[in-house]
Every structure is written in C-alpha cells, then in structure tokens.
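Peer 1:
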Amino acid sequence: MVKRESTGELIWGVIVETEAYSQIEEACHGYRRRSKSNETLFGSPGRFYVYLTYGIYHCVNLVTGRKDWANGVLLRSLAMPNESERIASGPGLLAKRFGLDRSYDNLEAKEANNLWLTSKPTEFKDNQIVRSTRIGISQAKNLRWRWYLQASRSISKRCKGDACPPISKAWFPIERDRQ
DNA sequence: TGTATGATTAAT
DNA sequence: TTAATCATACAA
C-alpha cells in the first residue's frame, strides 16, 4: 500500500496480515443490514472501507467481490522500510500510521487519489503464508479467514509455535533498486 | 432518549 | 483484565 502525502512524500508498506469478511457470516459489518455506516462495503470493489472502532481507532478495508454484496479485506498489518518493525502492526496502528480516517471511506484505491495498492514486490510462496482464525470477533470464530506472512515480525499476533526468520531485504525492492 | 457494544490498543 | 472513547444499533 502506498500513500502520497500532501507534501509529496511517499509512505508505503508491504501488507503482511489480512482478514476476509463476507456478508454470509455474522462477523461481517454487512451481515445484518445495509446502512449509511457500512454502505461502502456494499459498493464498488476496489475502494477503501474505513470505519471507527472502539471510538479510538480506525480500520481500513479494501472492498472486494461485487457491488451490492458485502465483501472486504481488512488490512491488519504492514511492514514498512526504515521504520520500526511494529509501527503498523494491527489495524488501528496501520490506520494511524497512514493517517487514514472516515474521510477516506469510499475512496477508490488508485494513484490519482494518492492512496493505492501495487502488486506485491516479492513473490511469496504459499508455504510462507499462515492461515488462522480471525482476531477480536465474537461471532463466526471458527472461520479461518486470517492470513499472514510467516516470516514477518510486523504482524499483530503470531500463532503458537510459529517461528519468525530474520527480515529479508528483498521485501523492500524499491529501496533495493534505489541503492 | 437511553444503553450496550465493538474487525483495538496500551497499560495493569 | 481493564480503561479509553464514540458512532451505531436497538430497545423502550
């Protein structure tokens, strides 16, 4: 994910942890009703759905699937170059670091909007990705719809017994290419 | 109008 | 385990 600040500065990070939500399950904001607050989740895919949680933090999703059907991917953690490993580890911290709030809700993810996603900088093999149940929900706890990069120290929570290898510089090819 | 509840985090 | 903090949902 990349953001161009008003100053022109680029901030970006590699998405290392996500969760999926869908209208078919109780933990999804679109499960019960379509309303003003979750309208974005029912809208066009490719936009950001940003909401306030616990009155303090914001969470950022990318709307997926199709229009009129609530599907989204919660961005839970990013690994950022040249910053402390856990600066964006957790959905609230991620939104905070990127300065994202409700004013970004329903914004289409594209460079012209100064907030966008690019293809993953490094090919990650399937065996580098761990799947688990989702975090912080009270319903639909059985669904294993959380994924994270096993080798990242920047995820919010690690599964028991899951080791973490040293960080690879290959995650940050933009930095590498500049060097 | 009143009250309970989070897709969280940091501190105890 | 709990406080912080507020928009939303739902009951009355």
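Just so we're aligned, residue 2 is where the first sequence starts under this note's numbering, counting upward by one. Just so it is clear, CB atoms sit at the ideal spot from N, CA and C, and this is done for glycine as well.
(1) Opposite Val17 in the DSSP bridges: which residues?
(2) With DSSP as the reference, label Lys4 as helix, strand or coil.
(3) Quick one: grab the DSSP three-state call for Phe125.
(4) Output yes or no for whether 9 Å exceeds the beta carbon distance between Phe99 and Met2.
(5) Cys29: which of Lys161, Ser139, Ser157, Ala152 sits nearest, CA to CA?
(6) Are the Cβ atoms of Ile136 and Glu20 separated by less than 9 Å?
(7) Smallest Cα separation from Lys142: which of Ser133, Leu150, Trp148, Tyr149?
(8) Taking the runs of the beta strand (DSSP E) that are 3 residues or longer, which of them lie wholly in the region 71-158?
(9) Below 8 Å on the Cβ atoms is my guess for Gly44 versus Asn114; work out the distance and round it to an integer in Å.
(10) Below 8 Å on the Cβ atoms is my contact criterion, and I expect Gly91 with Arg77 to pass it. Report the Cβ-Cβ distance as a whole number of Å.
(11) Which residues does DSSP list as the beta-bridge partners of Ser23?
(12) According to the Cβ coordinates, are Leu94 and Leu116 closer than 9 Å?
(13) Per DSSP, Arg48 is paired with what?
(14) Does DSSP put Thr54 in a helix, a strand or coil?
Peer 2: Taking the definition as stated:
(1) Its beta-bridge partners do not exist; DSSP assigns none.
(2) strand
(3) coil
(4) yes
(5) Ser139
(6) yes
(7) Ser133
(8) 72-80, 130-133, 147-150
(9) With 8 Å as the limit, Gly44 and Asn114 do not qualify as a contact, their Cβ atoms being about 15 Å apart.
(10) 7 Å
(11) Asn72
(12) no
(13) Glu109
(14) strand
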